[in-house]
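All letters in the sequence shown, in the order written, are residues 111 to 491 by our numbering.
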Amino acid sequence: MIYRDFGTTGIQLSQLGFGAMRFPLTEEYDPTSIDEVKATEMLYYAIDHGVNYVDNAWPYHREMSEEYLGKALQRGYRDKVYLATKMPMWLIKSKEDRQKYFDEQRRRLQSDRIDMYLLHSLGTNSWNAAKQYDVLDFLETMKAQDKIGHIGFSFHDKLNVFKEIVDAYPWTFCLIFLNYVDDEFQAGIEGLEYAHKRGMAVMVMEPLRGGKLCHNVRPEITRIITQTGRGQTAAEFALRWILDRPEVCCVLSGMTTLHHVKENIKFALIEHRNTLSHQERKLYVRAKAFFKARIKVSCTECGYCSGCAQKIPIPYILNLYNDAYIFDAFEQSRWAYRVFVKPENRADNCTACGECEEKCPQNIKIAEMLEKAHKELSVGQ
111 MIYRDFGTTG IQLSQLGFGA MRFPLTEEYD PTSIDEVKAT EMLYYAIDHG VNYVDNAWPY
171 HREMSEEYLG KALQRGYRDK VYLATKMPMW LIKSKEDRQK YFDEQRRRLQ SDRIDMYLLH
231 SLGTNSWNAA KQYDVLDFLE TMKAQDKIGH IGFSFHDKLN VFKEIVDAYP WTFCLIFLNY
291 VDDEFQAGIE GLEYAHKRGM AVMVMEPLRG GKLCHNVRPE ITRIITQTGR GQTAAEFALR
351 WILDRPEVCC VLSGMTTLHH VKENIKFALI EHRNTLSHQE RKLYVRAKAF FKARIKVSCT
411 ECGYCSGCAQ KIPIPYILNL YNDAYIFDAF EQSRWAYRVF VKPENRADNC TACGECEEKC
471 PQNIKIAEML EKAHKELSVG Q
């Protein structure tokens, strides 16, 4: 396993981390039904082959992932990894909530100490909540009591917000959304470089965009990958782009099968920093352009349409609709629509009131797009 510097701490992390968001299930549409036998086999194989960073969060598997992981990391495995989880910032409504959720996470994980603790999904609103309830002061206290090793945050918002957060506190690390298609999305490459220059360890989530960059691969993308001359898979093509960047400390992969684990570990046994040629970089640009040309709705997920009276998660639904067509990910998008959007909040509940369309800076005909999205995403339900 290749290891990389965790910022300036002296800690070495495996360049492949294990994300605890996509364990195998016994029931397809029930995220709580973790197949513990298969999941444990995967987890132990990864750790036994050098993976030393495991990432979790309060809501994963509808709040069952931390509970499962706490059990799975017994038998000596807890001491072999750096364990990370995240404070559910959307649930922090008072200063008392800080201790409440932190203690419950330690109970679930059966660990008095969380090695790497993140504020989950920081953006404008959650960052304001962190400041309002003195969350960082609380984390400093927990760190002084050796209940937290290092403090960081995961991020989902605009680049300017990312920079503000980075500059506001001496964070050890951050976790950002990044892949070769979304290199300018949210923090993006510019955010990666910005945080790295300030001494932070930067981890990457969604390097395969939830598997969409390696499932149902279009012939056009296959031809581009073949032109690299490396004889690589679509997953390797995507991971190579991330791991080529020396600023990246660790890439998190939410693996669902033992085959995924073995493939990813085999790839992570090789040094990839600064290995891409100029010609290969051009091929990634071509691949990105191909995917971008398939966008159905020009939604930038700015959030201006939030506050729908029907509580329809408009950007999320439009993103699922886009992903279905961009990545031929119809099954995945339909699964997510069924599992993560309640029937009363689905797109067919739109009343076409027009309020969201008045706010949309992209002038999207949202009601029309929601109708199309629901028709496509509800197939088979």
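Don't be surprised by glycine CBs; every beta carbon is placed ideally from N, CA and C.
These numbers were taken from a predicted model, which means no experiment stands behind them.
Using the rule of at least 16 other Cβ atoms within 10 Å of the residue's Cβ for burial, across every protein chain shown, is N432 buried or exposed? buried
Can you tell which of A403, N429, K398 has its C-alpha closest to the C-alpha of Y410? In the sequence as displayed, the identity of residue 410 is Thr instead of Tyr. Taking only the C-alpha atoms, the option nearest T410 is N429.
Buried or exposed for S175, going by 16 or more other Cβ atoms inside 10 Å? buried
Expressed to the nearest angstrom, what Euclidean distance is found between the alpha-carbon atoms of F133 and D145? 7 Å
Run the CB neighbour count on I380, radius 10 Å, all protein chains shown included, and call it buried at 16 or more, exposed below. exposed
Return the CA-CA distance between F400 and Y290, expressed in angstroms with no decimal places. 12 Å
Please report the residue range of the beta strand (DSSP E) in which S204 lies. Here S204 belongs to no beta strand (DSSP E), and DSSP marks it neither H nor E.
Out of D267, E390, I202, which one is the CA nearest neighbour of Q242? I202
Simplified DSSP assignment, three categories, for A167: coil
Please work out which residues of its chain come closer than 7 Å, Cβ to Cβ, to S143, disregarding the five sequence neighbours upstream and downstream, and give them in chain order. L135, T136, E137
Would you kindly report the start and end of the unbroken alpha helix (DSSP H) that includes L153? 146-158
Rounded straight-line distance, which links the Cα of D244 to that of D207: 11 Å
Could you tell me the alpha carbon to alpha carbon distance between Q125 and H306, rounded to whole angstroms? 16 Å
Rounded C-alpha distance that separates Q337 from R217: 50 Å
By DSSP, does G117 sit in helix, in strand, or in coil? coil
Count the CB pairs spanning the segment 264-281 and the segment 222-240 that are closer than 8 Å, and state whether there are at least three. yes
Given L318 as reference, the closest of V327, N459, C460 once Cα atoms are compared: V327
With distance defined between alpha-carbon atoms, name the residue in L193, F283, L393 nearest to R340. L393
Given H484 as reference, the closest of I474, R333, S443 once Cα atoms are compared: S443
If distances are taken between C-alpha atoms only, which option among P198, F347, D225, M226 comes closest to E214? P198
I need the straight-line Cα distance from C360 to E151, nearest angstrom please. 22 Å
Which class does T336 belong to by DSSP, given the choice of helix, strand or coil? helix
If you reduce the DSSP assignment to three classes, tell me which class G320 lands in. coil
Determine, using beta carbons only, whether I157 and A378 come nearer to each other than 8 Å. no
Could you pull the start and end residues of the alpha helix (DSSP H) that L302 belongs to? 298-307
Starting from C360, follow its DSSP beta bridges and name the residues at the other end. M313
Out of V191, A167, Q420, which has the shortest C-alpha to C-alpha gap to E177? A167
From the DSSP output, read off the bridge partner residues of F295. Its beta-bridge partners do not exist; DSSP assigns none.
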